[in-house]
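In this note's numbering, the protein residues as written are 553 to 756. Backbone N, C-alpha and C define an ideal beta-carbon position, used for all residues, glycine too. Please read the structure below before turning to the comments.
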């Protein structure tokens with residue numbers, strides 16, 4: 553089950569992490585414009601900040617292109633902005649959201665060709681930053697052999713991480729892998745642990 557959602561990142565950036573105050577000022581102005589629902593102005597400021605290397609500005613600009621706020625909807629514009637938000641410098645506190653959004657675009661073929669291998673890689677990259685839905689989607693692809701070989705050990709690790717981040721379906725699927733003898737739990741985290749946690753999170 554893929555999570556078809558986009559995440560908007562709005563972390564604060566410290567001046568000390570930027571090469572110049574101009575980029576920070578543009579980013580802050582863009583975020584202030586979003587708060588004021590002045591989306592056309594927000595696009596202008598975030599575009600400048602993105603061009604000056606603020607990756608999170610690229611990601612947030614991609615969200616505006618996706619939602620059609622302040623201008624037209626265009627996933628072909630949003631998609632590369634999500635990639636920059638994931639891979640670029642100064643990605644803010646939540647680069648995993650950009651990685652997730654880029655992976656989702658690759659998986660669904662939004663704004664360009666479908667790329668399942670790339671989607672899997674970027675879900676895993678997002679998971680490495682504790683983006684819980686990226687962990688869950690990566691695990692699904694690993695378990696089913698989508699975008700690469702079946703990887704039960706990798707799927708179990710990704711489900712375990714997503715479960716620890718309170719994704720109930722991930723806990724359930726981790727338990728499933730143990731039951732099917734496709735994975736081995738530990739004394740502390742075996743079938744009962746994952747099944748109980750899934751129930752606690754509302755998955756029966």
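Between the CA atoms of residue j and residue i - distance to the nearest angstrom
i, j, result
"residue 707", "residue 622", "39 Å"
"residue 581", "residue 668", "36 Å"
"residue 680", "residue 603", "26 Å"
"residue 609", "residue 674", "19 Å"
"residue 611", "residue 655", "13 Å"
"residue 697", "residue 710", "14 Å"
"residue 577", "residue 637", "18 Å"
"residue 630", "residue 661", "12 Å"
"residue 739", "residue 731", "15 Å"
"residue 619", "residue 579", "19 Å"
"residue 735", "residue 702", "12 Å"
"residue 718", "residue 583", "29 Å"
"residue 700", "residue 628", "25 Å"
"residue 575", "residue 748", "48 Å"
"residue 741", "residue 589", "46 Å"
"residue 733", "residue 666", "32 Å"
Short Cβ contact (8 Å threshold) for residue i with residue j
i, j, result
"residue 657", "residue 676", "no"
"residue 671", "residue 659", "yes"
"residue 755", "residue 723", "yes"
"residue 712", "residue 727", "no"
"residue 640", "residue 605", "yes"
"residue 743", "residue 721", "no"
"residue 585", "residue 593", "yes"
"residue 633", "residue 614", "yes"
"residue 695", "residue 704", "yes"
Own chain, CB closer than 7 Å to residue i, minus 5 neighbours either side, in chain order
i, result
"residue 686", "648, 651, 652, 655, 675, 678, 679"
"residue 599", "613"
"residue 753", "718, 720, 723"
6 Å Cβ shell around residue i - same chain, five flanking residues per side excluded
i, result
"residue 746", "723, 726, 727"
"residue 692", "none"
"residue 737", "730"
"residue 554", "Unreliable positioning characterises residue 554 in this predicted model, as indicated by a pLDDT of 42, which lies under 50. A coordinate reading is not provided."
"residue 626", "617"
"residue 750", "720, 723, 724"
"residue 587", "none"
"residue 556", "Note that residue 556 scores 40 on pLDDT, short of 50, meaning its location in the model is unreliable and no value can be drawn from it."
"residue 684", "714, 717, 719"
Chain B contact for residue i (CB, 8 Å cutoff)
i, result
"residue 680", "Of the protein chains in the structure, only one exists, and it is not chain B."
Cβ shell of residue i (< 8 Å), same chain only, five flanking positions each side left out
i, result
"residue 591", "585, 616, 621, 622, 623"
> Can you list, in chain order, the stretches of the beta strand (DSSP E) that have 3 or more residues and sit fully within the segment 699-733?
Replying inline: none
> Residue ranges of each alpha helix (DSSP H) run of no fewer than 4 residues wholly in the segment 649-699, ordered along the chain?
Replying inline: 668-679, 684-696
> What beta strand (DSSP E) runs, 3 residues minimum, are completely inside the segment 618-645?
Replying inline: none
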